[in-house]
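S.K.: Note that numbering that gives the first Met the number 0 has the sequence shown beginning at 0, numbered continuously upward.
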Amino acid sequence: MNAASRRTSPNDAKHGTAAVLQRAPGRLAIIGIVAGLVATAMPSGAAESGGDAKRGAKVFQACVACHSLQPNRHMTGPSLAQLFGRKAGADKGFLRYSDAMLKAGIVWNEGTLDDWLTNPARLIPGTEMAFAGIPNQGARRDLIAYLRAVSEGSEAPRGPRMPRLKAAQAQDVIKSMRHCGDTYFLTTGDGRNLKIWEFNLRLKIDSSEFGPHPGRPVIVGMGMQGDRAAVVFTQPSEISSFIQQKCE
Ligand code: HEC
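1. Touching or not, the region 54-65 and the region 141-149, by the rule of three or more beta carbon pairs under 8 Å?
2. Quick one: what's got a C-beta closer than 7 Å to Gly-49's C-beta in the same chain, skipping five residues either side?
3. Reducing DSSP to helix, strand and coil, say where Gly-92 ends up.
4. Take Gln-234 and list the residues in its own chain whose beta-carbon comes closer than 7 Å to its own, dropping the five residues that flank it on each side.
5. Could you pull out every unbroken beta strand (DSSP E) segment of at least 3 residues lying fully inside the region 146-203, listed in chain order?
6. Determine whether the beta carbon atoms of Ser-175 and Gln-243 lie at a separation below 9 Å.
7. Who are the near neighbours of Gly-88 in its chain, counting only those whose CB is closer than 7 Å to its CB and skipping five residues on each side?
8. Let me make sure I understand the geometry here. Which of Tyr-183, Ala-169, Asp-114 and Ser-150 has the alpha-carbon closest to that of Arg-140?
9. Could you tell me which of Ile-133, Leu-94, Gly-190 and Thr-126 sits nearest to Pro-77, measuring between CA atoms?
10. Spatial neighbours of Asn-118 within its chain, please: C-beta separation below 8 Å, excluding the five flanking residues on both sides.
11. Please work out which residues of its chain come closer than 6 Å, Cβ to Cβ, to His-212, disregarding the five sequence neighbours upstream and downstream, and give them in chain order.
12. Does the distance from the C-beta atom of Asp-181 to that of Ile-218 stay below 9 Å?
13. I'd like to confirm something about Arg-157: is its beta-carbon nearer than 8 Å to some heavy atom of the ligand HEC, or not?
14. With a cut-off of 8 Å on the beta carbons, I'd call Ser-153 and Leu-82 a contact; round off their distance for me.
15. Taking Lys-86 as the reference, which of Ile-105, Pro-70 and Gln-69 has the closest Cα?
16. Measure the C-alpha to C-alpha separation of Phe-209 and Pro-162 and round it to an integer number of angstroms.
17. Could you tell me the distance, in whole angstroms, from the CA atom of Trp-107 to the CA atom of Gly-214?
18. Rounding to the nearest angstrom, what Cα-Cα distance links Cys-246 and His-66 in this structure?
19. Answer yes or no: the CB of Ile-133 versus the heavy atoms of the ligand HEC, is any distance below 8 Å?
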C-alpha cells in the first residue's frame, strides 16, 4: 500500500469525480440502476397525472453518472440546468453533442422529454447518450416534473455536486511533483510526501470554472479501493511544465 492508497478524499465517491472525464459506464449497469430506482420511486404503482418532483429527484439518480443540474457543469452529457424550452443540442458550452442531436430540431418540453426518456435512440437515432430508457411511465413523469421544477428554481438541483477545485484544501493541492523511474513523487500543500506508481495516477484536465487554479493542480481520489488517484491540471501544457523529470 502506498501513501495515496491510504488517503481518502471527501469529494470522491460522493461527488462522482471519477465520472467526469471517464467514458460512460456500461449500459447494463445503467439499466440495472434504473430498474431499482423505478421500483423504489413508484411505491403505489399508480402514476399521478402531474408527476411528483420529490419522487422524480430519486429517479434522477439514474442520470447523475453523466449529468449535473448545475449550470455550465458539463460531464459525459451536458448540464441539464434550464432545460425546458431549450432546443436540443443547443447548449453552447457543451462541445460533445453528436451530429444526430445537433440536427434533431426538437425543443425540450414534457412531450419530447417523455419520448426521449422512453427510448433515446428511437427519438434521435445515432445519439451518443448510452442509456436504454425508463420503461415506467409514472417514473418518467416524476422525473420530468423534477427537471421542470429545477429549471424553474422551485426544486434544488440534486445529484453530482462537482467539487470546486479552486477551493481545494491544502492537503489536496499539489505543491510539487516529480517523476523518477516508474514513480511519481508528490508534495502536498500540507507537506505530505506521496509516492505513487505511475500507472496508478491519472493526469486529468479540468479547464472549466470548476477546475483548479493554474499552477496549483489538485489530487482527487478515485474509486472505493482508493488505489488510484488523479491529479487535475487546468490545461495540457501545464502537465509537462509542472512535473519535473528528475531523480534525487
Ligand atoms: C451514460 C451517460 C448518460 C446517462 C446515464 C444519461 N445521459 Fe443524457 N446525455 C448523455 C450524452 C452523452 C448526451 C448527449 C447526446 C448526444 O449528443 O447525442 C445526453 C443528452 C441528454 C439530453 C439532451 C440535452 C441537450 O442539451 O439537448 C437530455 C435532456 C438528457 N440527456 C437527459 C437525461 C436524463 C434525464 C437522464 C437520466 C434518466 C440521462 N440523460 C442519462 C449521457 C447520458
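Every residue, glycine too, gets a C-beta built ideally from N, C-alpha and C.
M.R.: Straight from the coordinates:
1. yes
2. Ala-144
3. coil
4. Ile-204 and Ser-206
5. 173-179, 182-187 and 192-196
6. yes
7. Tyr-96, Met-100, Leu-101 and Ala-103
8. Asp-114
9. Leu-94
10. Ala-131 and Gly-132
11. Lys-165
12. no
13. no
14. 14 Å between Cβ atoms; not a contact.
15. Ile-105
16. 7 Å
17. 40 Å
18. 42 Å
19. yes
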